[in-house]
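For the sequence shown, the UniProt record's numbering begins at 1 and goes up steadily by one.
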Amino acid sequence: MYHQKQQYSYRLLFLVIAFQFFGITQSFAQYPEKTITIVNSNNPGGVIDLMARKLAIIAKKYENVTIIVENIPGGSGTAAMNYVLNQPADGYTLLATLKSYISTGLLSEDGISIHDFHLVACMVYDWEAIITNRNSEVVTLEDILDDAERKNGRQRWLGPNTGGMDHLMALKTWEKCKIQARWIPFEGSSVSIAALLGGNGVVYVGNPLDIKGRPDLNIAAIASPNRLADFPNVPTLREKGFDVVEQMWRGFSVKQSTPKHELKFLENLLYKISQDPEWISYIKLGYADPVFFNNSEMVSQLKEDEELAKRLLTKTGIISDVRGKASKNSWLSLLVFLILSTGIIFIIYKLKKRK
1 MYHQKQQYSY RLLFLVIAFQ FFGITQSFAQ YPEKTITIVN SNNPGGVIDL
51 MARKLAIIAK KYENVTIIVE NIPGGSGTAA MNYVLNQPAD GYTLLATLKS
101 YISTGLLSED GISIHDFHLV ACMVYDWEAI ITNRNSEVVT LEDILDDAER
151 KNGRQRWLGP NTGGMDHLMA LKTWEKCKIQ ARWIPFEGSS VSIAALLGGN
201 GVVYVGNPLD IKGRPDLNIA AIASPNRLAD FPNVPTLREK GFDVVEQMWR
251 GFSVKQSTPK HELKFLENLL YKISQDPEWI SYIKLGYADP VFFNNSEMVS
301 QLKEDEELAK RLLTKTGIIS DVRGKASKNS WLSLLVFLIL STGIIFIIYK
351 LKKRK
């Protein structure tokens, strides 16, 4: 009788293990069994939005997978980042990720961070550029430096947002060129360019694509290691003696704790897309470089980028200002809570006393 029970127990244990293994292998085999969503912080038609849609089209060449793109603009990327973090870590929601999200996290008051995400791959290097109004008196890099010296800190540089990638590029350039200037932020690149052409500043910080179809704009210098093939006459900052090499890298991330099998599938798919002639041609049309670096290859880059952002934002007092405001808001909230609590306790005391 005992031996029969023991044999029954062994069989039951074997069946449990077999079903668990079968379930695991089935879940592996099934991914992706539904639509994958790429979330991006651009409005429809923006550079990141179009990049994500092109990737979704090319992906069908290599896998039987449907990818859709969802636009969630707002908060310099925080709206899109928060949306992805509120989804399951199952590999079905990707974030079109930018280097500027490092600063977004550092400046965020709600604790969001680039480290909340697993960067599956970096696929684009979009080099930073110093852009001027071709019809102004300040056109070349030498003009910029001379003008900065004359104005002694009053020179105006324009670009999107405070603390973003373009602002950091400006701060690093001023530091390396040993000049002083003022950063004037605007809501978006198109408004910044309009301000440049309107004479509200002498330099706009952006990317080469910003001048496409705009003969009134000029790239005074590029922050790439070598001259770009599309702009052979544009000097690099490095060749001019200023060690500034900066790019707005772009890639795709998922929420941390996404299973390894899903991560491997996505990495392999993104690698295949990165080697596709249609993808390479598309990225080059935007004057950017198609690249592929997986998560392990990007670890040191992320660390360097974050350390630089922290140093420059701290040096200018931007991080401390944000934290100061957050701290002040926290104290005000606590004070309001105490006042309301005291009032409620007093009312309850009075009501009990009447009884």
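Where is the CB? At the ideal position from N, CA and C, for every residue including glycine.
DSSP beta-bridge partners of residue i
i           : result
M248        : D126
G206        : A129
T37         : I68 and T93
residue 376 : No statement about residue 376 is possible, as the shown extent of the chain runs from 1 to 355 and does not include it.
T236        : I222
Span of the beta strand (DSSP E), counted from its first residue to its last, around residue i
i           : result
N218        : L217 to I222
residue 370 : Residue numbering for the chain in the displayed model covers 1 to 355; residue 370 lies beyond these limits and cannot be assessed.
Beta-carbon gap between residue i and residue j smaller than 8 Å
i    : j    : result
A223 : A129 : yes
D243 : K178 : no
F252 : S274 : no
S113 : G163 : no
L95  : M81  : yes
G159 : A170 : yes
V84  : P32  : no
L263 : H118 : yes
L141 : P235 : yes
A148 : A194 : no
S281 : N161 : no
I58  : E278 : yes
A221 : L237 : yes
Y204 : S192 : yes
D276 : K61  : yes
Residue span of the alpha helix (DSSP H) that contains residue i, given as start and end
i    : result
I57  : V47 to A59
K212 : Here K212 belongs to no alpha helix (DSSP H), and DSSP marks it neither H nor E.
A170 : M165 to C177
L228 : Unbroken run through L228: none, as it is neither H nor E.
S190 : S189 to L197
Any non-hydrogen atom of the ligand MN closer than 7 Å to residue i Cβ
i    : result
V205 : Ligands in the displayed structure: none, and consequently the ligand MN is not present.
Practice task
Decide yes or no for the touch test of the stretch 283–298 against the stretch 205–217: beta carbon pairs closer than 8 Å, at least 3 of them.
Solution key: yes
Practice task
Spell out a yes or no on whether the stretch 61–73 and the stretch 29–37 are touching, meaning 3 or more CB-CB pairs, one atom from each, closer than 8 Å.
Solution key: yes
Practice task
Within the stretch 258–329, note down every full beta strand (DSSP E) run reaching 3 residues or more, in order along the chain.
Solution key: 289–294
Practice task
Would you check if the stretch 217–226 and the stretch 119–134 touch, i.e. whether three or more CB-CB distances between them fall below 8 Å?
Solution key: The stretch 119–134 is in contact with the stretch 217–226.
Exercise for the section: Answer yes if the stretch 81–98 comes into contact with the stretch 253–261, meaning at least three C-beta pairs across the two stretches below 8 Å, and no otherwise. Expected result: yes
Problem - Uninterrupted alpha helix (DSSP H) stretches inside the stretch 83–163 (no shorter than 4 residues) - result: 101–107 and 141–151
Exercise for the section: Check whether the stretch 291–301 touches the stretch 111–124, taking contact to mean three or more Cβ pairs, one atom from each stretch, closer than 8 Å. Expected result: yes
Exercise for the section: Inspect the CB distances between the stretch 96–107 and the stretch 305–316 and report whether three or more fall short of 8 Å. Expected result: yes
Handout entry: Three CB pairs or more closer than 8 Å across the stretch 145–161 and the stretch 222–236
Key = In this structure the stretch 145–161 does not touch the stretch 222–236; the number of beta carbon pairs closer than 8 Å is below three.
Handout entry: Stretch pair the stretch 238–254 + the stretch 91–102: three plus CB contacts closer than 8 Å
Key = Judged by Cβ distances under 8 Å, the stretch 238–254 makes contact with the stretch 91–102, as three or more pairs qualify.
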